[in-house]
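Everything below concerns the one structure shown next.
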Amino acid sequence: MSMKTDRDMGGHYAIRRATLADKEDVARLTQEFTTEGGMTNQDASRNIQRDFTSNLSSWFDCILLVYKPTNDLSHSVGFAMWSYGYFPYKGRYAELTNLYVSPKHQGKSLGYHLIQSVAKIIRSKGCQRLRWSTSATNHGAKTFYAKIKAENLARKGVELLQLVDQNFIDLAAGDTNRYLTDVDKPKSKLKSKY
Ligand SMILES: CC(C)(COP(=O)(O)OP(=O)(O)OC[C@H]1O[C@@H](n2cnc3c(N)ncnc32)[C@H](O)[C@@H]1OP(=O)(O)O)[C@@H](O)C(=O)NCCC(=O)NCCS
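Last residue of the sequence shown? That's 435 in the numbering used here, and every number before it is there in order.
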């Protein structure tokens, strides 16, 4: 691989941890990422507006790529977002949920610096690995991931599964409550804001 570690960002860019004050910016970038990727889903921005709260890092963490010549440290041109997970046999890990550099700033090693920063942060928290999914048709991203030597789990026989929408709701609504102890039972009287 030709990529060096810790490449110079030319002094024009900075990477910093997102804070609550960046909520609007992260929502904007998330929407940009979704639109650039050809997705029409409007939920991403709305979810960020809802979930970017004081307990931010209990659900996800986020870093921002800032273009310094604009002199506006709140105007970011890229971001990475991830959440934490745990496998008993592999320990702590993180799941990368977004990696995005806006088109004008692509091709300058910034995506590399973003994912490298994620690796540094999660490693310092004891994570053993970083995982994520990508669309099979996102050839640009796949080339990028191959360059950082990411393994393709599909080639290792791993299938990615999910339960969403009505199927998820139906499963959660099933009559299993009688098997749960009081401590584990969902508090149905509490109104969920979702
Ligand atoms: C994927 C993405 C984050 C890469 O960021 P970037 O800053 O453009 O990439 P870098 O400049 O750090 O590239 C690092 C290496 O990957 C290669 N690479 C990056 N994007 C590539 C592309 N679209 N096609 C081919 N190679 C690519 C670069 O050529 C570079 O290789 P080199 O070191 O041999 O020169 C960025 O293109 C992006 O945001 N894309 C849209 C959103 C997206 O698809 N995100 C991933 C979703 S899973």
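Just so you know, even glycine gets a beta-carbon here, dropped at the ideal spot from N, CA and C.
Near ligand 1: residue i beta-carbon under 7 Å from a heavy atom
{"i": "Glu277", "result": "yes"}
{"i": "Asn379", "result": "yes"}
{"i": "Ala382", "result": "yes"}
{"i": "Gln347", "result": "yes"}
{"i": "Val342", "result": "yes"}
{"i": "Tyr327", "result": "no"}
Nearest-angstrom Cα separation, counted from residue j out to residue i
{"i": "Tyr254", "j": "Ser358", "result": "13 Å"}
{"i": "Thr246", "j": "Ala387", "result": "Caution applies to Thr246, whose pLDDT of 38 falls short of 50 and renders its modelled position unreliable; the value that the coordinates give is listed next. The straight-line gap from Cα to Cα measures roughly 15 Å."}
{"i": "Ser343", "j": "Ile256", "result": "14 Å"}
{"i": "Glu392", "j": "Ala360", "result": "15 Å"}
{"i": "Asp423", "j": "Leu412", "result": "19 Å"}
{"i": "Gly348", "j": "Thr275", "result": "19 Å"}
{"i": "Gly319", "j": "Asn288", "result": "18 Å"}
{"i": "Asn418", "j": "Phe328", "result": "26 Å"}
{"i": "Gly473", "j": "Ala259", "result": "Shown here, the chain extends from 242 to 435; a query on residue 473 therefore has no answer."}
{"i": "Arg333", "j": "Pro310", "result": "38 Å"}
{"i": "Asp416", "j": "Glu273", "result": "41 Å"}
Run of the beta strand (DSSP E) containing residue i, from where it starts to where it stops
{"i": "Thr275", "result": "Per DSSP, Thr275 belongs to no beta strand (DSSP E); it is in the alpha helix (DSSP H), 264-277."}
{"i": "Tyr327", "result": "317-328"}
{"i": "Thr338", "result": "332-342"}
{"i": "Val359", "result": "From DSSP, Val359 is part of no beta strand (DSSP E) but of the alpha helix (DSSP H) over 351-365."}
{"i": "Asp302", "result": "302-308"}
{"i": "Leu371", "result": "370-372"}
Proximity to residue i [Cα-Cα], best of the options
{"i": "Lys264", "options": "Gly348, Gly252, Phe301, Ala382", "result": "Phe301"}
{"i": "Thr271", "options": "Ser350, Lys309, Ser317, Asp416", "result": "Ser317"}
{"i": "Glu336", "options": "His346, Met322, Lys345", "result": "Met322"}
{"i": "Ile389", "options": "Arg291, Asp284, Arg372", "result": "Arg372"}
{"i": "Thr375", "options": "Asp406, Tyr325, Thr338", "result": "Thr338"}
{"i": "Ser365", "options": "Gly381, Phe385, Tyr325, Leu340", "result": "Tyr325"}
Three-state secondary structure assigned by DSSP to residue i
{"i": "Asn393", "result": "coil"}
{"i": "Asn418", "result": "helix"}
{"i": "Ala259", "result": "coil"}
{"i": "Phe293", "result": "coil"}
Span of the alpha helix (DSSP H), counted from its first residue to its last, around residue i
{"i": "Lys388", "result": "380-388"}
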